[in-house]
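Numbering (the working numbering), first residue to last: 1 to 284.
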C-alpha cells in the first residue's frame with residue numbers, strides 16, 4: 001500500500017512538470033489538484049447523510065493549519081518543478097522525516113539522543129551537497145523545496161496529534177476545501193486551457209491521484225506502525241528517477257545522487273534508532 005501511495009504521488013509530480021513545461025501555470029495546477037480532492041472527499045462525507053454534524057471537528061484550528069501547510073507546500077512544489085529536476089525536489093523533500101526528528105522535542109516532548117543528532121547533521125550535509133548553495137548549480141527554487149520539507153514535517157507532526165481525535169474523512173474534506181478556496185482566485189486569474197485532450201485528462205487526474213495517494217497512505221497506517229512504513233517512502237525517489245529518464249532523458253548528476261544517498265541514510269539511521277527504542281520499551 002505504501003508503494004502504491006508513493007507511486008500516485010510520483011504521478012502528480014511527473015504530470016505537473018509535464019504540464020508546467022507545456023505552459024500551464026503552477027497555481028492553476030495546484031488548484032486542480034485540490035478541486036478534485038475536494039469533490040471526492042465531500043462525496044464520501046455526504047455518503048453517510050447530509051448532516052452538518054459530519055463536517056464539524058473539535059480541533060478546527062489544527063485541522064485548518066494542517067490543510068494550509070499541505071496547500072502551501074503543494075503550490076511551492078509545483079512552482080519549483082518548473083525550474084528543478086524531479087530528483088532534486090524529491091531529494092530535498094526527504095529531509096522532512098529528519099526535520100520531524102529535530103522538532104520532536106519542542107513539539108512532542110520526544111528527547112533527541114546523540115544518534116538522532118548525528119542523523120540530523122548527516123541530513124543537513126546531504127542537503128548542502130544537493131543544493132550546492134555557493135556554486136553555479138544553485139537555484140532560488142531550491143529554497144521553495146526547503147520550505148516544503150519544513151511544512152511537510154509540521155504537517156506530519158500535526159497529523160500525529162490529530163490521529164484518533166479527528167476522523168480521516170473530516171481531515172481529507174478540510175484539506176480539499178481549504179486548498180480549493182485558497183487557490184481558486186489564482187486559478188481564475190491565471191487560467192490557461194491545456195493545448196491537448198491528453199493534457200486536459202492529466203490535469204483533471206491530479207486531484208484523483210492526490211486523493212488516492214493520501215487515502216491509501218492513511219489506510220496503510222492502520223496495518224503497521226509509522227516506523228515500519230517509513231523506509232518505503234524512499235520508493236518515491238526511484239519512481240521519479242525512472243520517470244525523469246523515460247520522459248525527459250534526465251539522469252541525476254553525481255552530487256545529486258550522493259546528497260540523496262546521505263539524506264536517505266540519515267533518515268534510515270533515525271528510523272533504526274526509533275525501532276530499537278520501541279523494542280527496548282516493549283521488552284521493559
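Don't be surprised by glycine CBs; every beta carbon is placed ideally from N, CA and C.
Collapsed DSSP secondary structure at residue i in the structure displayed
| i | result |
| --- | --- |
| residue 138 | coil |
| residue 95 | coil |
| residue 241 | helix |
| residue 163 | coil |
| residue 265 | helix |
| residue 132 | coil |
| residue 47 | coil |
| residue 29 | helix |
| residue 113 | coil |
| residue 148 | helix |
| residue 194 | coil |
| residue 87 | helix |
| residue 24 | coil |
| residue 42 | helix |
| residue 57 | coil |
Residues of its chain near residue i, where Cβ-Cβ distance is below 7 Å and the 5 sequence neighbours each way are ignored
| i | result |
| --- | --- |
| residue 149 | 92, 93, 95, 96, 99 |
| residue 35 | 180, 207 |
| residue 184 | 31 |
| residue 136 | none |
| residue 177 | 38 |
| residue 4 | 216 |
| residue 68 | 178 |
For residue i, the first and last residue of its enclosing alpha helix (DSSP H)
| i | result |
| --- | --- |
| residue 250 | Unbroken run through residue 250: none, as it is neither H nor E. |
| residue 17 | 2-21 |
| residue 200 | 197-220 |
| residue 223 | Here residue 223 belongs to no alpha helix (DSSP H), and DSSP marks it neither H nor E. |
| residue 68 | 60-83 |
Min CB distance residue i to chain E below 8 Å
| i | result |
| --- | --- |
| residue 46 | No chain E is part of this structure, which consists of one protein chain only. |
Other residues of its chain near residue i: CB distance less than 8 Å, five sequence neighbours each side excluded
| i | result |
| --- | --- |
| residue 22 | 194, 195, 199 |
| residue 26 | 16, 20, 75, 78, 79, 81, 82 |
Beta carbon of residue i nearer than 8 Å to that of residue j
| i | j | result |
| --- | --- | --- |
| residue 86 | residue 209 | no |
| residue 288 | residue 17 | A question about residue 288 goes unanswered here, because the residues of the chain that appear run from 1 up to 284. |
| residue 24 | residue 192 | yes |
| residue 122 | residue 265 | yes |
| residue 20 | residue 256 | no |
| residue 62 | residue 162 | yes |
| residue 14 | residue 251 | no |
| residue 120 | residue 102 | yes |
| residue 160 | residue 270 | no |
Spatial neighbours of residue i in its chain, beta-carbon cut-off 6 Å, leaving aside the 5 residues before and after
| i | result |
| --- | --- |
| residue 2 | 220, 229, 232 |
| residue 168 | 218 |
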